[in-house]
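In UniProt numbering, the protein residues as written are 1 to 319.
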């Protein structure tokens, strides 16, 4: 499947969700409660969803047969996630339940496979390793699919997202994403945005200009807060995350330019467990085909761009 690069559609508006706090400060505070702990934050199928608005999903016996027997016997998928990345995956107002569009999509996939989900908050940079060691059965945490990650794990595609810059309202530091030399820029550690901003900084140095002062944060909540406080001039993150932050701060932030370098998100499955990866892919395909996928994304106002018609295991990310 050809993956669209340099996606330049305007950042889509992301609707508010009924269980989210009205201001980003509340979201940030909740995320900080458990975003990096690695403790069990889940609690069964449907945890992380709003029952009143999440589509009902029936198990598909044929898809359930695709699941490895060991997983079928345990009946639950342990899902590693970084719950600081609203609106994809973050903590609800109770401070423990993981919610978000990623969560709702994967809960629907698990339901198709006749499995429950046990969402466990972790640090983003440790999830792939945790899947490989067996700590988690699956990692679902807005992972952009790239060659490096596919060397470590199987990745199952389900949505396409690009990078979006954002800054304080009015852009007081006059940040230009294409010429940010000397600026103070915030980014979450271990994300694809790190390589992006480091390359931009090196280009500044190569041209005889000041380097970009890069601040790497453990959680996206911390990176965003550093921009609100004025510690950093701007930041870059996945488009839905940046736009959500802008909306939740109600006038404190704004996006800069358009999203770019779109690539698919992928659920992470152990490299030696292709059977489970294929089952997960079939689950995503099933919710794409029956409309559940679009219904969930529409709830978050994310159905206007980035949707996929086909879920693949380790798709091509070239061209």
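Don't be surprised by glycine CBs; every beta carbon is placed ideally from N, CA and C.
Under three-state DSSP, which class holds residue i?
i: residue 22; result: Annotation note: pLDDT 33 at residue 22 (below 50); position unreliable, coordinate value reported separately. Here residue 22 sits in coil by DSSP.
i: residue 113; result: coil
i: residue 299; result: helix
i: residue 307; result: coil
i: residue 118; result: strand
i: residue 235; result: strand
i: residue 130; result: helix
i: residue 99; result: strand
i: residue 294; result: helix
What first and last residue would you give for the alpha helix (DSSP H) that runs through residue i?
i: residue 187; result: No alpha helix (DSSP H) holds residue 187; the beta strand (DSSP E) holding it covers 184-188.
i: residue 286; result: 274-290
i: residue 316; result: Note, residue 316: premise wrong, no alpha helix (DSSP H); not H, not E.
i: residue 181; result: Residue 181 -> no alpha helix (DSSP H), and no H or E assigned at all.
i: residue 61; result: 61-64
i: residue 223; result: 220-228
When the Cα atoms are used, what is the spatial distance from residue i to residue j?
i: residue 186; j: residue 242; result: 12 Å
i: residue 212; j: residue 253; result: 20 Å
i: residue 117; j: residue 110; result: 7 Å
i: residue 309; j: residue 126; result: 30 Å
i: residue 218; j: residue 189; result: 6 Å
i: residue 250; j: residue 244; result: 10 Å
i: residue 135; j: residue 170; result: 44 Å
i: residue 87; j: residue 133; result: 28 Å
i: residue 230; j: residue 94; result: 29 Å
i: residue 200; j: residue 183; result: 11 Å
i: residue 224; j: residue 235; result: 7 Å
i: residue 45; j: residue 232; result: Bear in mind that a pLDDT of 36 at residue 45, under 50, signals an unreliable position, so the number given afterwards is only what the model happens to contain. Cα to Cα, the separation comes out at about 39 Å.
i: residue 257; j: residue 179; result: 12 Å
i: residue 278; j: residue 66; result: 8 Å
i: residue 142; j: residue 294; result: 17 Å
i: residue 302; j: residue 73; result: 35 Å
i: residue 104; j: residue 75; result: 18 Å
i: residue 160; j: residue 71; result: 28 Å
Output the boundary residues of the beta strand (DSSP E) element that contains residue i.
i: residue 86; result: Segment: none, residue 86 is in no beta strand (DSSP E) and carries neither H nor E.
i: residue 260; result: 253-270
i: residue 244; result: Per DSSP, residue 244 belongs to no beta strand (DSSP E); it is in the alpha helix (DSSP H), 239-248.
i: residue 160; result: 153-168
i: residue 212; result: Neither: residue 212 is in no beta strand (DSSP E) and is coded neither H nor E.
i: residue 76; result: 76-81
Label residue i either buried or exposed according to how many other C-beta atoms from any shown protein chain fall within 10 Å of its C-beta, with 16 as the threshold for buried.
i: residue 61; result: exposed
i: residue 281; result: buried
i: residue 266; result: buried
i: residue 207; result: exposed
i: residue 172; result: exposed
i: residue 174; result: exposed
i: residue 98; result: buried
i: residue 59; result: exposed
i: residue 210; result: exposed
i: residue 202; result: exposed
i: residue 112; result: buried
i: residue 195; result: exposed
i: residue 151; result: exposed
i: residue 121; result: buried
i: residue 92; result: buried
Is the shortest distance between the beta-carbon of residue i and the beta-carbons of chain D less than 7 Å?
i: residue 201; result: Of the chains in the structure shown, none is chain D; there is only one protein chain.
Quick one: is the Cβ of residue i within less than 6 Å of any heavy atom of the ligand HEM?
i: residue 96; result: Absence of the ligand HEM is noted for the structure shown, with no ligands found whatsoever.
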